[in-house]
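Residue numbers (our numbering): -15 to 447. The beta-carbon is built from N, C-alpha and C at its ideal position, and this holds for glycine as well. Owing to the predicted nature of the structure, the values given are computational and were not obtained by experimental measurement. I have placed the structure first, in the form of structure tokens, so that the comments after it can refer back to it.
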């Protein structure tokens, strides 16, 4: 009997040690799957925007293409409005799951078609137009705008730690296309060649290492991976193995207290009718309705600038400093957003005063960049290296600040707002801000002609 006891004693500790190890592995896998799933939220649309340095010289719309794409994105808010109505109408019967399947699968088809048809034009209303490109951008905009609502709404099913995974996946929707652009090389850079009569300069463009078609097919493959990740989350027991599910809502007599220790997150349900022997740090849900609405207003204002106004003006802001400046700005902005995501893991919250102060700083920088756009084609420091550095750095700092503020607002709503629909309204605020910024900017560019495009191989600034 003694040997058997010895064997049992030797096995039991190993079993107890292996259980936390299995849970930790499951948590890492679950975190990664959520991040991969959220890649499909914006990677197709961001992929097109990132590829604009190569696309703009080859389509008839030229510099007006970014603003036209953003108007498509704004008009595509019709589908999110419908989802909001259905959520209100169906109440507790509403489920975001079918919409996630729809967004990912239609996104795969749209991206594949875009890889084949982006350069095709149709003669319409007296000129050649990129009907296929704009039509497919509108389709993926319908999907991506709706993803801002339903993907964040899906995260109510998980513990607060996993919201960072959603933001991380969303952040990589810009980083991955930029890395692909880096691998392509600096294509689209204008080379001025004299015409046969030796009086005019005609722009020609360097060839990238691989085509826009290959680029979009890679994006399509990434969205397929997102679909597989979502299927694994839905149809395997990885969530239960990781203990990742948010506990059910409790009565007012109970409270969910979250204790963070290093990288671990523990949850404890504490009844007001029971005594607790071990002291536990309690983080109550304190955000009031007034604070919640104010945070949403800040998010609307930030989205108005970052997703509405500046993307429409990006070519007027940066191209006067060279095609490379636009390329580097696109690359640094997306890398910067990933950086603030990593920062938010360590520091997930900002005080209200810091949130307001950071937002004001970002607005001041945005006003400066908008002023630079109004001076196109010959703004301050045009065609200079130091000018390009100033503008790229300004745009990067503004993107970092607004990105971090947005993430911390989302974390605060998730952790401290008692209503489980908080992240759904967080997504609505993003789309509302984008729409409020896009429409007037489109009118200023395409109707009132307040901004002047800078054509390659033309001399604009005499120094």
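If contacts are defined as beta-carbon pairs under 8 angstroms, then residue 162 and residue 315 qualify, I think. What distance do you get, rounded to the angstrom? Here the question's residue 162 lines up with position 178 in the chain shown. Here the question's residue 315 lines up with position 331 in the chain shown. Confirmed, Cβ separation roughly 5 angstroms.
Taking its Cβ as the centre, do 16 or more other Cβ atoms sit within 10 Å of residue 139, making it buried, or is it exposed? Counted from its first residue, the chain shown places residue 139 at position 155. Buried, since its Cβ has 16 or more Cβ neighbours within 10 Å.
Those residues which DSSP pairs with residue 414 across a bridge: Residue numbering aside, residue 414 sits at position 430 when the chain shown is read from its first letter. BP columns for residue 414 are empty, so no partner.
Suppose you measure from the CA of residue 10 to the CA of residue 221; what does that come to, to the nearest Å? Taking the first residue of the chain shown as 1, we reach residue 10 at position 26. Taking the first residue of the chain shown as 1, we reach residue 221 at position 237. Between residue 10 and residue 221, the C-alpha separation is close to 10 angstroms.
Endpoints, the beta strand (DSSP E) within which residue 106 is located: Here residue 106 is taken as the residue at index 122 of the chain shown, counted from 1. Looking at the DSSP string, the run of the beta strand (DSSP E) that includes residue 106 is 106 to 108.
Quick check on residue 278: does DSSP put it in helix, strand or coil? Within the chain shown, numbered from 1, the residue matching residue 278 stands at position 294. Here residue 278 sits in helix by DSSP.
Measure the alpha-carbon distance for residue 333 versus residue 287 and round it to whole angstroms. Along the chain shown, one-based indexing puts residue 333 at 349. Along the chain shown, one-based indexing puts residue 287 at 303. Cα to Cα, the separation comes out at about 19 angstroms.
Within the stretch 355 to 419, note down every full alpha helix (DSSP H) run reaching 4 residues or more, in order along the chain. 369 to 400
Out of 390, 129, 44, 80, state which residue places its alpha-carbon closest to the alpha-carbon of residue 110. Looking up residue 110 in the chain shown gives position 126. When each option's Cα is compared against that of residue 110, the closest is 44.
Does the beta-carbon distance from residue 426 to residue 54 come in below 8 angstroms? Locating residue 426 in the chain shown gives position 442, counting from the first residue. Locating residue 54 in the chain shown gives position 70, counting from the first residue. In contact: residue 426 and residue 54 (Cβ atoms closer than 8 angstroms).
Taking the alpha-carbon positions, what's the residue 419 to residue 127 distance? Here residue 419 refers to the residue found at position 435 of the chain shown. Here residue 127 refers to the residue found at position 143 of the chain shown. Approximately 15 angstroms between the Cα atoms of the pair.
Enumerate in chain order the residues of its own chain whose CB-to-CB distance from residue 151 is below 6 angstroms, with the five nearest sequence positions on each side excluded. Walking along the chain shown from the start, residue 151 turns up at place 167. These residues qualify, in order along the chain: 325, 391.
May I ask you to report which of helix, strand or coil DSSP gives residue 14? Reading the chain shown from its first residue, position 30 is the one you call residue 14. Helix at residue 14.
Starting from the Cα of residue 417, find the closest Cα among 280, 360, 350 and give me that residue. Position 433 of the chain shown holds residue 417. Taking only the C-alpha atoms, the option nearest residue 417 is 280.
Along the beta strand (DSSP E) that carries residue 113, what are the first and last residues, could you check? Numbered from its first residue, the chain shown carries residue 113 at position 129. Counting along the chain, the beta strand (DSSP E) containing residue 113 begins and ends at 111 to 113.
Return the first residue and the last residue of the alpha helix (DSSP H) that residue 146 is part of. Here residue 146 refers to the residue found at position 162 when the chain shown is read from its first residue. Element bounds for residue 146: n/a, residue is neither H nor E.
Can you pull the DSSP bridge partners for residue 229? For the purposes of this step, residue 229 is taken as the residue at position 245 of the chain shown. In DSSP, residue 229 forms a bridge with 142.
Starting from the C-beta of residue 204, find all residues in its chain whose C-beta is less than 7 angstroms away, skip the five residues before and the five after it, and write them out in chain order. Looking up residue 204 in the chain shown gives position 220. Hits under 7 angstroms: 92, 95, 96, 99.
Looking only at C-alpha atoms, which of 405, 398, 200, 137 sits nearest to residue 82? In the chain shown, residue 82 corresponds to position 98, counting from 1. Checking every option, the nearest Cα to that of residue 82 belongs to 137.
So, does the stretch 336 to 349 touch the stretch 372 to 382, judging by three or more C-beta pairs under 8 angstroms? yes
N- and C-terminal bounds of the alpha helix (DSSP H) containing residue 445: Here the question's residue 445 lines up with position 461 in the chain shown. Segment: none, residue 445 is in no alpha helix (DSSP H) and carries neither H nor E.
Report yes or no: do the stretch 129 to 136 and the stretch 397 to 415 share at least 3 C-beta pairs separated by less than 8 angstroms? yes
Using DSSP with H/G/I as helix, E/B as strand and the rest coil, what is residue 135? Here the question's residue 135 lines up with position 151 in the chain shown. Here residue 135 sits in helix by DSSP.
Following the continuous alpha helix (DSSP H) through residue 209, name the residue where it begins and the one where it ends. Here the question's residue 209 lines up with position 225 in the chain shown. First-last of the alpha helix (DSSP H) with residue 209: 196 to 219.
Candidates 401, 223, 295, 301, of which the one nearest residue 6 by Cα: The residue you call residue 6 lines up with position 22 of the chain shown. The shortest C-alpha separation from residue 6 is found at 223.
Please classify residue 75: is it buried, with 16 or more other beta-carbons within 10 angstroms of its beta-carbon, or exposed? Within the chain shown, numbered from 1, the residue matching residue 75 stands at position 91. Classification of residue 75: exposed, given that the 10 Å Cβ count is below 16.
Once the 5 residues before and after residue 383 are set aside, which same chain residues still bring their CB inside 8 angstroms of it? Along the chain shown, read from residue 1 onward, the residue named residue 383 stands at position 399. Closer than 8 angstroms at Cβ, skipping near neighbours: 290, 317, 320, 321.
Reducing DSSP to helix, strand and coil, say where residue 317 ends up. Within the chain shown, numbered from 1, the residue matching residue 317 stands at position 333. Helix at residue 317.
Close beta carbons around residue 445, own chain, < 7 angstroms, minus the five adjacent residues each side: Translated into positions along the chain shown, residue 445 becomes position 461. So the list reads 362, 366, 367, once near-sequence residues are dropped.
Would you call residue 339 buried or exposed, if buried means 16 or more other Cβ atoms sit within 10 Å of its Cβ? Your numbering for residue 339 matches position 355 in the chain shown. Answer is buried; the Cβ neighbour count reaches 16.
Are the beta-carbon atoms belonging to residue 309 and residue 372 less than 8 angstroms from one another? By one-based count along the chain shown, residue 309 stands at place 325. By one-based count along the chain shown, residue 372 stands at place 388. Result yes, Cβ atoms of residue 309 and residue 372 sit closer than 8 angstroms.
Selected residue, minimal CA-CA separation from residue 211, among 294, 389, 52, 25: As a working note, residue 211 is residue 227 in the chain shown. Per the Cα distances, 25.
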